[in-house]
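**Student:** Mind having a look at this structure? Questions to follow.
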Amino acid sequence: QRNLVLSAKKMQSSLVAIHEIRKLKFEEIAEIWARELWPRRQSMIEKNSAMEPDLTVNIENMSQPAWHIGWMERQKLVAVLSGHPVSKGFFRTRGLWVHQNFRRQGIASQLYRQMEKTAKDINCHTVWTMPRISSWVFYEKIGFEKYNCTDQFEFGPHYLAKKSIDATTFDVSECRGAVQTCGIFDR
9 QRNLVLSAKK MQSSLVAIHE IRKLKFEEIA EIWARELWPR RQSMIEKNSA
59 MEPDLTVNIE NMSQPAWHIG WMERQKLVAV LSGHPVSKGF FRTRGLWVHQ
109 NFRRQGIASQ LYRQMEKTAK DINCHTVWTM PRISSWVFYE KIGFEKYNCT
159 DQFEFGPHYL AKKSIDATTF DVSECRGAVQ TCGIFDR
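Residues 9 to 195 in the numbering used here are what the sequence shown lists, from first letter to last.
This is the structure we're talking about:
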């Protein structure tokens, strides 16, 4: 019995984690974004976005703490997501990327669950994002609601979408005014 226990402990200590969610540095995520998500992007890639849910600019957002997380598969980075608080209890997520060989396996959903937990922990009530319209099915599946769309940014058109992460209600009318619609939003 003692040999069996020692053998099991030896096997356990020699195993490498198959997958894990890990906190990343901005430089790690920026490299992936530049190469995989936004190749040939004209605007500078920064750790935060100054955008508010109504697409107005709030420069104070640039100094907010940002969280960058990645999905490691056998110690290789195969998915990333970033987020940071903006004003009025909102939390912006951006830069979701999953390597094509790892898509449709629930990885993006798990990254979002982790980011939503982070947003709740810092007292945000709503997560907002600006996914490409071609990615909308995923966002709808994990509970986002679209409230407008825009074609005024690179790699668009995009939906503007939000998800309540607590019991607070979100008045979509707050976010309609400043947004330039792209004519394909179905209200």
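We put the beta carbon where it would ideally sit given N, CA and C, even for glycine.
State the start and end residues of the unbroken alpha helix (DSSP H) segment that holds Asn40.
**Tutor:** The sequence given here places Ile at residue 40; Asn does not occur at that position. First-last of the alpha helix (DSSP H) with Ile40: 34-40.
**Student:** Going by DSSP in three states, Val187 sits in which element: helix, strand or coil?
**Tutor:** Confidence at Val187 is low in this model, with a pLDDT of 38, below 50, so the placement of that residue is unreliable and no value is reported for it.
**Student:** Which runs of the beta strand (DSSP E), 3 residues or longer, sit entirely within the segment 58-110?
**Tutor:** 75-81, 84-93, 98-106
**Student:** If I measure Cβ to Cβ from Gln113 and keep anything under 8 Å in the same chain, skipping five residues before and after, which residues do I get?
**Tutor:** Correct list: empty, nothing qualifies.
**Student:** Report the residue from Glu54, Gln50, His27, Arg49 whose alpha carbon sits nearest the alpha carbon of Glu35.
**Tutor:** That would be Glu54, whose Cα lies nearest to the Cα of Glu35.
**Student:** Classify Met123 as buried or exposed, calling it buried when 16 or more other Cβ atoms lie within 10 Å of its own Cβ.
**Tutor:** buried
**Student:** Residues bridged to Tyr167 by DSSP?
**Tutor:** Cys157
**Student:** Can you tell me the Cβ-Cβ gap for Leu119 and Ile29, rounded? I've got them flagged as a contact below 8 Å.
**Tutor:** Confirmed, about 7 Å.
**Student:** First and last residue of the alpha helix (DSSP H) that includes Glu124?
**Tutor:** 115-129
**Student:** Looking at Arg102 and Ser57, is the spacing between their C-beta atoms short of 7 Å?
**Tutor:** yes
**Student:** Give every residue of the same chain whose Cβ lies closer than 6 Å to the Cβ of Met70, excluding the five residues on either side of it in the sequence, and list them in chain order.
**Tutor:** Asn56, Ala58
**Student:** Measuring only the C-alpha atoms, how far is Gly97 from Pro47?
**Tutor:** Roughly 32 Å separates the two Cα atoms.
**Student:** With a cut-off of 8 Å on the beta carbons, I'd call Trp79 and Ile115 a contact; round off their distance for me.
**Tutor:** 5 Å
**Student:** May I ask which residues mark the beginning and end of the beta strand (DSSP E) holding Lys149?
**Tutor:** Taken as a continuous stretch (DSSP letters only), Lys149 belongs to no beta strand (DSSP E), being part of the alpha helix (DSSP H) at 144-149.
**Student:** Relative to the C-alpha of Met138, which residue among Glu148, Ala127, Cys157, Lys149 is closest?
**Tutor:** Cys157
**Student:** Is Tyr147 closer than 7 Å to Leu168 when the C-beta atoms are compared?
**Tutor:** Result no, Cβ atoms of Leu168 and Tyr147 do not sit closer than 7 Å.
**Student:** Relative to the alpha-carbon of Arg43, which residue among Ser172, Val106, Gly151, Pro165 has its alpha-carbon at the smallest distance?
**Tutor:** Among Ser172, Val106, Gly151, Pro165, the Cα nearest to that of Arg43 is on Val106.
**Student:** Under a three-way DSSP split, which group does Ile29 fall into?
**Tutor:** strand
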